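Asker: Heads up: the protein sequence lines correspond to chains B and L, in order.
With the first letter of the first sequence counted as 1, position 113 gets the number 1057 in this note's numbering; the numbers rise by one all the way through.
With the first letter of the second sequence counted as 1, position 95 gets the number 1039 in this note's numbering; the numbers rise by one all the way through.
A single structure is presented below for examination.
Protein chains: 2
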Amino acid sequence: MATTRAAQREQAKAAYDAFLAVCPSRQLLDRISDKWVVLVLCALGGVEGGPEGGARALRYSELARRLAGVSQKMLTQTLRSLERDGLLTRTVTPTVPVTVTYELTDLGLSLNGLARGMRAWAQDHMDEVLAARAEHDERA
Amino acid sequence: MATTRAAQREQAKAAYDAFLAVCPSRQLLDRISDKWVVLVLCALGGVEGGPEGGARALRYSELARRLAGVSQKMLTQTLRSLERDGLLTRTVTPTVPVTVTYELTDLGLSLNGLARGMRAWAQDHMDEVLAARAEHDERA
DNA sequence: GCTGCTACTCTCCATGGGGAAGTAGGCACT
DNA sequence: AGTGCCTACTTCCCCATGGAGAGTAGCAGC
Chain B
945 MATTRAAQRE QAKAAYDAFL AVCPSRQLLD RISDKWVVLV LCALGGVEGG
995 PEGGARALRY SELARRLAGV SQKMLTQTLR SLERDGLLTR TVTPTVPVTV
1045 TYELTDLGLS LNGLARGMRA WAQDHMDEVL AARAEHDERA
Chain L
945 MATTRAAQRE QAKAAYDAFL AVCPSRQLLD RISDKWVVLV LCALGGVEGG
995 PEGGARALRY SELARRLAGV SQKMLTQTLR SLERDGLLTR TVTPTVPVTV
1045 TYELTDLGLS LNGLARGMRA WAQDHMDEVL AARAEHDERA
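Put into structure tokens, the structure is as follows:
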């Protein structure tokens, strides 16, 4: 079935346009634009001061402690989906009790920069946002 | 009105861990790590090809069209919260019918880079994620 | 045998988000 | 005059999502 050139052009234009609800990249964007995902990536990405080399493996319980406020359900769910998407690896060590560690893959590491950027932005612009919020609420 | 259990939990949580839970940037991070926020910022940030100068004002209906799949409720809600946080401005022009335009502020522009990065990442790494997903599902 | 530890898994329930219909208010057409 | 339409919401209903807390598996130590 010969695809028409118009259809091809149409497809090329539509290819991976995250604005389109049907595009798979939109679903991916929806998934990574999630607070727990960003937080997990930040945690596994290492300490704030360090560069890319700061990445390290963390155990389930370490992650749970670090991301205070996350429910076990959401943590497990988030980790599973990130594992499925190849952003991190899940390693079970048959010690007693069992030890499960999570570590970023190269793919995860490439997103880690953005996640860290989000966190840095939040910290850096906290004051401005707070000021804007106060001003906005005042003239309400 | 007894001391609500929610308040107690809130306090206990606050005294828990300083790394991510109590950090003031955490609430902000939660807000900006939202799919609609990222999408709105991307849309207002301008076209993909353009640099920072690509930013432009969009009308409510233009945004709704661009972010296929967003409900009016969520769009309004997202825009209002972004306005409150000083990331964008809402301008009502008393034409007939009324025209409401939204435009990024400098603060919003500074986040726009990250939002655009997220979208670009999703589009660029789509194939890898799809491959990882396929491989993962296969060995299930 | 009982407890404790880890990493979940399950169950219940409040909340949040989607869909669709309603609202305001002014012009344009009949 | 009345009907309708346009934009930018707002409101209502309903269901999926997410949080809280309890339960589970498997083994070591007491």
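The beta-carbon is built from N, C-alpha and C at its ideal position, and this holds for glycine as well.
Since the structure is predicted, the reported quantities are computational estimates derived from the model, not experimental observations.
In chain order, which alpha helix (DSSP H) runs of at least 4 residues are fully inside the region 982 to 1051 of chain L?
Answerer: Within the region 982 to 1051 of chain L, the complete alpha helix (DSSP H) runs of at least 4 residues are 1004 to 1010, 1016 to 1028.
Asker: What residues are listed by DSSP as bridge partners for D978 of chain B?
Answerer: The partner list for D978 of chain B (beta bridge, DSSP) reads L:D978.
Asker: Determine whether the Cβ of L1019 of chain L lies closer than 8 Å to any Cβ atom of chain B.
Answerer: Output row for L1019 of chain L: interface = no.
Asker: Roughly how many angstroms lie between the CA atoms of S977 of chain L and C967 of chain B, to the nearest whole one?
Answerer: Going by the C-alpha atoms only, they are around 20 Å apart.
Asker: Does Q1021 of chain L pass the burial test, meaning 16 or more other C-beta atoms within 10 Å, or should it be called exposed?
Answerer: Burial call: exposed.
Asker: How far does the alpha helix (DSSP H) with R907 of chain L in it reach, from first residue to last?
Answerer: What the structure shows of chain L is the stretch from 945 to 1084, and residue 907 of chain L is not part of that stretch, so it cannot be assessed.
Asker: In chain L, which residues lie less than 8 Å from R1077 of chain B when you measure between Cβ atoms?
Answerer: Simply R1028, D1029, G1030.
Asker: If we cut at 8 Å on Cβ distances, does R1083 of chain B have a partner in chain L?
Answerer: Taking Cβ atoms only, chain L never reaches closer than 8 Å to R1083 of chain B, which makes this a no.
Asker: Please list, in chain order, all residues of the same chain as L1051 of chain L whose beta carbon is under 6 Å from its beta carbon, the five residues on each side excluded.
Answerer: For L1051 of chain L, where only same-chain residues beyond five positions count, the Cβ hits under 6 Å are G1030, L1031.
Asker: Give the interface partners of L1058 of chain B over in chain L, defined as CB-CB distance under 8 Å, in chain order.
Answerer: Correct list: L1058, G1061, M1062, W1065.
Asker: Going along chain L in order, which residues have a C-beta closer than 8 Å to the C-beta of P968 of chain B?
Answerer: Ordered by position in chain L, the residues that pass the 8 Å Cβ test against P968 of chain B are M1070, L1074.
Asker: Relative to the C-alpha of L1019 of chain L, which candidate in L:L985, L:A999, L:L1002, L:W980 has its C-alpha closest?
Answerer: Checked all of L:L985, L:A999, L:L1002, L:W980; the closest Cα to L1019 of chain L is L:W980.
Asker: Please name the residue in B:L1053, B:E1072, B:A1075 whose C-alpha comes closest to that of G998 of chain B.
Answerer: When each option's Cα is compared against that of G998 of chain B, the closest is B:L1053.
Asker: May I have the straight-line CA-CA distance separating T1043 of chain B from L1007 of chain B, to the nearest angstrom?
Answerer: Distance between the alpha carbons of T1043 of chain B and L1007 of chain B is about 13 Å.
Asker: Could you check the C-alpha separation between G1061 of chain B and L1058 of chain L for me, to the nearest Å?
Answerer: Rounded to the nearest angstrom, the two C-alpha atoms are 7 Å apart.
Asker: How long is the line joining the alpha carbons of A1078 of chain L and R1028 of chain B, rounded to whole angstroms?
Answerer: Their Cα atoms are separated by approximately 9 Å.
Asker: Taking only beta-carbon atoms, is L1002 of chain L less than 8 Å away from chain B?
Answerer: Chain B contact via Cβ: absent.
Asker: Quick check on G998 of chain L - is its C-beta less than 8 Å from some C-beta in chain B?
Answerer: By this cut-off, G998 of chain L is not an interface position.
Asker: Can you give me the C-alpha to C-alpha distance between D1068 of chain B and H1069 of chain L, rounded to a whole angstrom?
Answerer: Answer to the nearest angstrom: the Cα atoms are 28 Å apart.
Asker: Can the beta-carbon of L972 of chain L be found closer than 8 Å to that of L988 of chain L?
Answerer: Against a cut-off of 8 Å, the Cβ pair of L988 of chain L and L972 of chain L comes out as no contact.
Asker: Under 6 Å Cβ to Cβ from V1073 of chain L, same chain only, skipping five residues before and after it: list those, please.
Answerer: Nothing listed; no residue qualifies.
Asker: So with Cβ pairs under 8 Å, would you call Y960 of chain B a contact of chain L?
Answerer: Answer yes: the Cβ-Cβ gap between Y960 of chain B and chain L drops below 8 Å somewhere.
Asker: If we define contact as Cβ-Cβ less than 8 Å, is A965 of chain B a contact residue for chain L?
Answerer: For A965 of chain B, the answer is yes, since a Cβ of chain L falls inside 8 Å of its Cβ.
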